[in-house]
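For reference, the structure discussed in these notes is given below.
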Amino acid sequence: MRLIFVVIPALLYAGTALAQGGGRPSPLDPKAKAPAVEFRSALEGYRTFAEQDLRDWRKANEEVGAAGGHAGHKPGQGAGQQTSKPQPGKPETSGHGGHK
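Residue numbers (my numbering): 482 to 581.
Structure, rendered in structure tokens:
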């Protein structure tokens with residue numbers, strides 16, 4: 482009965498090893514076929530530097546002012562619409578102001 486616990490796993494292992502044997506060619510075999518090497522340049526898709534047309538800074542500032550925002554932010558959007566200002570005579574207890 483104990484022999485069966487050794488023989489069956491050994492047969493299963495041998496069968497698995499035989500099934501995997503013919504998959505890959507030996508790296509030591511000089512006649513073995515190797516997959517073709519594909520060359521891709523590291524500079525593929527590179528675009529050369531091109532100067533951008535400069536705009537008048539006054540017109541750009543006027544456009545930002547007319548839009549009501551700066552750097553893609555418009556007032557009234559997102560969190561932080563209401564800011565809490567410290568009360569006179571009261572030290573702040575949270576954030577960096579509370580450290581001594």
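From the three backbone atoms N, C-alpha and C, an ideal C-beta is built for every residue, glycine too. Remember, it's a predicted structure, so these values are computed and weren't measured experimentally.
Please state whether the Cβ-Cβ distance between residue i and residue j is less than 8 Å.
| i | j | result |
| --- | --- | --- |
| Pro506 | Lys514 | yes |
Please report the distance separating the alpha-carbon of residue i from that of residue j.
| i | j | result |
| --- | --- | --- |
| Leu469 | Phe530 | The structure shown does not extend to residue 469, since the chain is modelled only from 482 to 581, so the question has no answer here. |
| Gly546 | Trp538 | 12 Å |
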